[in-house]
Amino acid sequence: MRCTCGFDFVKAALASIRGRKKRKYESYAIIADEDYVRCVRLECKALAAPDKQSKLRYVARSATLVGTVKVCPKCSALLLIKPKTAELVRYTKTKE
45 MRCTCGFDFV
55 KAALASIRGR
65 KKRKYESYAI
75 IADEDYVRCV
85 RLECKALAAP
95 DKQSKLRYVA
105 RSATLVGTVK
115 VCPKCSALLL
125 IKPKTAELVR
135 YTKTKE
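Read in order, the letters of the sequence shown correspond to residues 45 to 140 in the working numbering.
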């Protein structure tokens, strides 16, 4: 995933994993209000699951309800990946 300014989030994430360094960008998980309770319940079921396969199934189901907001360190744009979709929306500061 790249910002329109050219910053590569995947490359930065892999570099931080390999080098065990802090990521160069901020990232936040988001859950729509109407899905929050369902997501928490699925996560609780995952914690109480009797086996690994059940646990992974609950985590996978809850993960579809979670989106991401990333802050580009190069241009400060916000990149939103909406929950339940692969849609990427970019928000930038408007000039005053």
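The C-beta atom is built at its ideal place from N, Cα and C for all residues, glycine as well.
Check: Which of helix, strand or coil DSSP assigns to Ser98; Outcome: helix
Check: C-beta contact flag for Phe53 and Lys114 at 8 Å; Outcome: yes
Check: Whole-angstrom distance between Lys139 and Leu91, CA atom to CA atom; Outcome: 47 Å
Check: DSSP state of Gly111 mapped onto helix, strand, coil; Outcome: strand
Check: Reference Lys78; option with closest CA among Ala59, Leu109, Lys89, Asp95; Outcome: Looking at the sequence itself, residue 78 is Glu, so the reference to Lys does not match. Cα-wise, what sits closest to Glu78 is Leu109.
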